[in-house]
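**Q**
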Amino acid sequence: MPVIGVSIAIPDPWGCELQRARLSYGDEQARGIPTHVTVLPPTEVDDAAMDDIHEHLLRAAGSVPPFLLELRGTGTFHPVSPVVFIQVARGIPSCEQLEARVRDGVLARELSFTYHPHVTVAHGLPDDALERAHAELADYHAQFAVDAFSLYVQGEDGVWRPIRRYPLGDASEAFVGCES
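In this note's numbering, the protein residues as written are 110 to 289.
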């Protein structure tokens with residue numbers, strides 16, 4: 110049974126920048142996980158459900174308009190979980206709306222933790238590496254338009270690969286309001 114995930118990809122140059130930072134802290138998971146904001150965490154599904162999942166994700170994407178996402182500063186789930194992340198400073202309500210629409214119907218499932226949109230930059234590392242990530246990225250800032258999310262499948266090699274992109278809202282409408 111495939112393991113899928115749904116996420117908002119962090120576009121370049123920020124995605125590559127944060128992936129390089131994650132690797133520099135010793136987090137080798139970054140080699141197989143594109144930089145992202147999770148919408149649906151890893152979820153095992155039946156192969157036969159993939160057509161229904163695709164239709165569900167099309168509806169979910171169409172129900173949420175494009176939005177501005179701003180990343181700013183660091184946060185941590187430590188000591189509950191050894192994770193340092195870049196905080197979502199703007200766009201949280203849209204991320205939450207998207208997560209609720211995606212994690213419904215055919216993809217309904219319970220979560221281990223309350224949904225908290227973020228970008229992981231260090232996970233499962235020794236405390237000194239987590240502290241370094243938290244300090245070095247404390248002034249991090251990026252802002253960009255989110256106009257889609259993607260469905261990912263985890264390969265047998267552990268690498269997450271996008272298999273389909275879902276445009277938000279009316280795909281013919283251009284997003285306005287993103288500052289350069």
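We treat Cβ as the ideally placed atom computed from N, Cα and C, and that holds for glycine.
What you are looking at is a predicted structure, and each value in this text was computed from that prediction instead of being measured.
1. According to DSSP, simplified to helix, strand and coil, what is ARG270?
2. If you count every other CB in all the chains shown that lies within 10 Å of the CB of ARG129, and 16 or more means buried, which is it?
3. For ALA251, write down the residues that DSSP places opposite it in a beta bridge.
4. Could you tell me whether any Cβ in chain B is nearer than 8 Å to the Cβ of VAL268?
5. May I ask which residues mark the beginning and end of the beta strand (DSSP E) holding ARG218?
6. Less than 8 Å between the beta carbons of VAL148 and HIS227, yes or no?
7. Measure the alpha-carbon distance for GLN196 versus HIS225 and round it to whole angstroms.
8. Take SER171 and list the residues in its own chain whose beta-carbon comes closer than 7 Å to its own, dropping the five residues that flank it on each side.
9. Quick check: the Cα distance between ALA198 and GLU208, rounded to an integer number of angstroms?
10. Using a Cβ-Cβ cut-off of 8 Å (strictly less than) and excluding sequence neighbours within five positions of THR185, which residues of its own chain qualify?
11. Suppose the cutoff is 8 Å on Cβ atoms and the five residues either side in sequence are ignored; what does the same chain contact list for TRP269 look like?
12. For VAL189, does the count of other Cβ atoms within 10 angstroms reach 16, so buried, or fall short, so exposed?
13. Within this structure, are the beta carbons of LEU180 and TYR249 separated by less than 8 Å?
14. Can you check which of these residues, PHE258, PRO120, ALA158 and ALA231, is closest to MET110 by C-alpha distance?
**A** Working from what's here:
1. strand
2. exposed
3. LEU180
4. Absent from the structure is chain B; it holds one protein chain and no more.
5. Taken as a continuous stretch (DSSP letters only), ARG218 belongs to no beta strand (DSSP E), as it is neither H nor E.
6. No, the Cβ-Cβ distance between VAL148 and HIS227 is not below 8 Å.
7. Straight-line measurement puts the Cα of HIS225 at about 9 Å from the Cα of GLN196.
8. Inspection of the sequence shows that residue 171 is occupied by Gly rather than by Ser. Result list for GLY171: GLY278, in chain order.
9. In this structure, the straight-line span from the alpha carbon of ALA198 to that of GLU208 is close to 17 Å.
10. VAL192, VAL193, PHE194, LEU239 and HIS243
11. GLY114, GLY141, ILE142, PRO143, TYR261, VAL262 and GLN263
12. exposed
13. yes
14. The option with the nearest alpha carbon to MET110 is ALA158.
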